[in-house]
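This report refers to the structure that appears directly beneath it.
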Amino acid sequence: MRLLKLCFALAAVVALTQYAPIYYYSSEFEEYVQMETRHARGKRQLKQMLVTKASDYKLPVQEENIDISTADAVFRVAVDYRVPINFYLFKHELAFHTVASRPIFSER
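When we follow our numbering, the leftmost residue of the sequence shown carries the number 215, and every step to the right adds one.
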């Protein structure tokens with residue numbers, strides 16, 4: 215019985231060490247997307263900045279994963295990406311969807 219508890223505790227620690235950093239860096243990346251969306255800049259430059267920051271966080275985000283749109287006076291950035299987790303016996307993917315927006319102010 216003691217061995218079984220030890221195995222479960224070890225499995226929980228291994229799972230925690232795999233999942234916790236991914237959720238932490240995804241949260242940090244989401245904050246970065248929201249912060250950068252507030253600043254005015256070109257779509258190409260914003261995409262490049264987001265890809266670079268995702269790379270810093272070791273998140274597999276490509277330019278194709280980033281959708282930037284302007285509709286109904288709203289500038290909207292959506293990032294969809296998946297992070298693979300490689301356990302010893304199987305592989306698992308976590309899916310993330312980050313959205314940020316701001317109003318577009320027209321100069322008159």
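Here a beta-carbon is modelled for each residue, glycine too, at the ideal position from N, C-alpha and C.
Every value quoted in this text rests on a predicted model; they were computed, and no experiment measured them.
Task: E307 - containing beta strand (DSSP E), residue span - done: 305-317
Open item on the list: Rounding to the nearest angstrom, what Cα-Cα distance links V313 and D286 in this structure?
Closed with: The alpha-carbon atoms of V313 and D286 are separated by roughly 16 Å.
- [ ] Can you check DSSP and say which residues form a bridge with N300?
- [x] DSSP lists K305 as partners of N300.
- [ ] Alpha carbon to alpha carbon, how far is A309 from V297? Give it in angstroms, no decimals.
- [x] 7 Å
Open item on the list: According to DSSP, simplified to helix, strand and coil, what is V161?
Closed with: Here the chain covers residues 215 to 322 and nothing more, so residue 161 does not appear.
Open item on the list: Considering only the alpha carbon of each residue, which of I280, D270, Y239 lies closest to R258?
Closed with: I280
Task: the segment 231-244 touching the segment 261-271, judged by at least three CB pairs closer than 8 Å - done: yes
TODO: State the CB to CB distance for the pair T251 and F301, rounded to an integer number of angstroms; the pair is presumed to be in contact (CB under 8 Å).
DONE: Not quite, the Cβ-Cβ distance comes to about 34 Å (not below 8 Å), so this is no contact.
TODO: Kindly list the residues whose CB is nearer than 6 Å to the CB of E307, restricted to its own chain and excluding five residues on each side of it in sequence; keep chain order.
DONE: R296, P298
TODO: Could you work out which residue in K272, C221, Y271, Q262 is closest to E278 when comparing CA atoms only?
DONE: Of the candidates K272, C221, Y271, Q262, the one whose C-alpha sits nearest the C-alpha of E278 is Q262.
Task: Proximity to I282 [Cα-Cα], best of F304, Y237, Q248, P235 - done: Q248
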